[in-house]
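Mapping of the sequence shown onto this note's numbering: position 63 corresponds to residue 202, and the numbering continues sequentially without gaps. We put the CB at the ideal spot given by N, CA and C, even for glycine. A quick write-up on the structure given underneath.
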Amino acid sequence: MTGLKAYPRFVSIEGGEGAGKTTVLNALRAALKAGGYDVVSTREPGGTPLAEQIRLLLLRNGGGRDPEGSDELLLPDTELLLMFAARVQHVRHTIVPALERGSWVISDRFTDSSYAYQGGGRALSQALIAELEQRVVRVRPGLTLLLDIGVDQGRLRARNRGAEPDRIESEADGFFERVRATFLQRAAAEPGRIKVIDASRAADVVAADAVAILASWRDANP
Ligand code: T5A
Numbered sequence: 140m141t142g143l144k145a146y147p148r149f150v151s152i153e154g155g156e157g158a159g160k161t162t163v164l165n166a167l168r169a170a171l172k173a174g175g176y177d178v179v180s181t182r183e184p185g186g187t188p189l190a191e192q193i194r195l196l197l198l199r200n201g202g203g204r205d206p207e208g209s210d211e212l213l214l215p216d217t218e219l220l221l222m223f224a225a226r227v228q229h230v231r232h233t234i235v236p237a238l239e240r241g242s243w244v245i246s247d248r249f250t251d252s253s254y255a256y257q258g259g260g261r262a263l264s265q266a267l268i269a270e271l272e273q274r275v276v277r278v279r280p281g282l283t284l285l286l287d288i289g290v291d292q293g294r295l296r297a298r299n300r301g302a303e304p305d306r307i308e309s310e311a312d313g314f315f316e317r318v319r320a321t322f323l324q325r326a327a328a329e330p331g332r333i334k335v336i337d338a339s340r341a342a343d344v345v346a347a348d349a350v351a352i353l354a355s356w357r358d359a360n361p
């Protein structure tokens, strides 16, 4: 990957719906803090006040229509550009400043989610996503943990949480099968950065695997 600056202390967690990213993020954060490191944990879309506003626009559920009453659809290209608009704010205002002062940054999702959801799920151009990544994001994580889980099992977990599904969670199974396949293709293409974890297992087992991978990464990148 040319033109992208990789920060060793920048870790992203990726996966489909209900894969357990939040659960793993908390375990990674606790492990780093126990080692005496400063940690910033954050999420996408979001991670700054403005990016959190963009998140609301992206995830509010009106079946893709404006919940304020108009019948204007949120178009796939708009979704892609809003994801990147939020990401630019996040990178410049939260992620890079924290990395530059020596903190670890753990992000619940980053650009791999755009490749998987907008590129795979929505079938938008992967080349356009790569162009946006190179031209406006310009950074990538040193380490990415991909929590892989079957679509049915992940959706069941997400449903059991009890919250109303958001706009993207309301997509059909085929969408999430394409998301999963794209994540796995990316992991196969970048095995040095993206480590796949079988997230179908019990939460403590998944978290222990994630913490062990982070520990060896940290030892190799002090
Ligand atoms: N998106 C995002 C894009 O389309 N493009 C982009 O570029 C980006 C950045 C963001 C949405 O935006 C999309 C992707 C998403 O649709 P989100 O806030 O990341 O949304 O939401 P979700 O991915 O929907 O996150 P979830 O909260 O559903 O999933 P998590 O965080 O992976 O799962 P978690 O940890 O909350 O766990 C879900 C439930 O399962 C239980 C937990 O206790 C919880 O109840 N659980 C387990 N149960 C059994 N065994 C385990 N191992 C478990 N791990 C967790």
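Buried or exposed (CB count within 10 angstroms, at least 16 for buried), residue i
| i | result |
| --- | --- |
| glutamine 371 | Absent from the structure is residue 371, since the part of the chain shown begins at 140 and ends at 361. |
| valine 90 | Residue 90 cannot be examined here, being either before or after the span of the chain that is shown, 140 to 361. |
| lysine 160 | buried |
| glycine 258 | buried |
| glycine 301 | exposed |
| serine 209 | exposed |
| glycine 293 | buried |
| glycine 155 | buried |
| aspartate 216 | exposed |
| alanine 349 | buried |
| leucine 395 | Since the displayed the chain opens at 140 and closes at 361, residue 395 lies outside it and no answer follows. |
Contacts around residue i, its chain only, beta-carbon distance under 6 Å, and the 5 residues preceding and following it disregarded
| i | result |
| --- | --- |
| glycine 185 | Glu191, Arg194 |
| methionine 140 | Confidence at methionine 140 is low in this model, with a pLDDT of 49, below 50, so the placement of that residue is unreliable and no value is reported for it. |
| leucine 282 | Val150, Trp356 |
Residue(s) in a DSSP beta bridge with residue i
| i | result |
| --- | --- |
| glutamate 153 | Leu285 |
| threonine 359 | Here the sequence assigns alanine to residue 359, which means threonine is not the residue at that position. Its beta-bridge partners do not exist; DSSP assigns none. |
| arginine 182 | Asp247 |
Of the residues the options, the one placed nearest residue i, counting alpha carbons only
| i | options | result |
| --- | --- | --- |
| aspartate 305 | Gly157, Glu211, Gly175 | Gly157 |
| aspartate 251 | Pro188, Ile288, Ala145, Phe322 | Phe322 |
| lysine 144 | Pro280, Asn165, Met222, Leu171 | Pro280 |
| tyrosine 254 | Pro188, Pro215, Leu263 | Leu263 |
| glycine 370 | Pro330, Arg325, Asp216, Val290 | The structure shown does not extend to residue 370, since the chain is modelled only from 140 through 361, so no value can be given for it. |
| phenylalanine 223 | Leu284, Arg148, Tyr256, Leu164 | Tyr256 |
| alanine 351 | Leu284, Ala320, Val318 | Leu284 |
Contacts around residue i, its chain only, beta-carbon distance under 8 Å, and the 5 residues preceding and following it disregarded
| i | result |
| --- | --- |
| glutamate 310 | Gly260 |
| phenylalanine 315 | Gly155, Glu156, Gly260, Val290, Gly293, Arg294 |
Close Cβ partners of residue i (< 7 Å) along its chain, the five nearest in sequence each way excluded
| i | result |
| --- | --- |
| leucine 164 | Ile152, Ser180, Ile245, Asp247 |
| valine 275 | Phe223, Val227 |
Subject >> Inside the segment 325-349 only - beta strand (DSSP E) runs reaching at least 3 residues >> reply: 333-337
Original post:
What are the uninterrupted segments assigned as alpha helix (DSSP H) that are 4 or more residues long and contained completely in the segment 252-301, given in chain order?
Top reply: 265-271, 290-299
Subject >> Whole beta strand (DSSP E) elements within the segment 212-252, 3-residue minimum >> reply: 243-247
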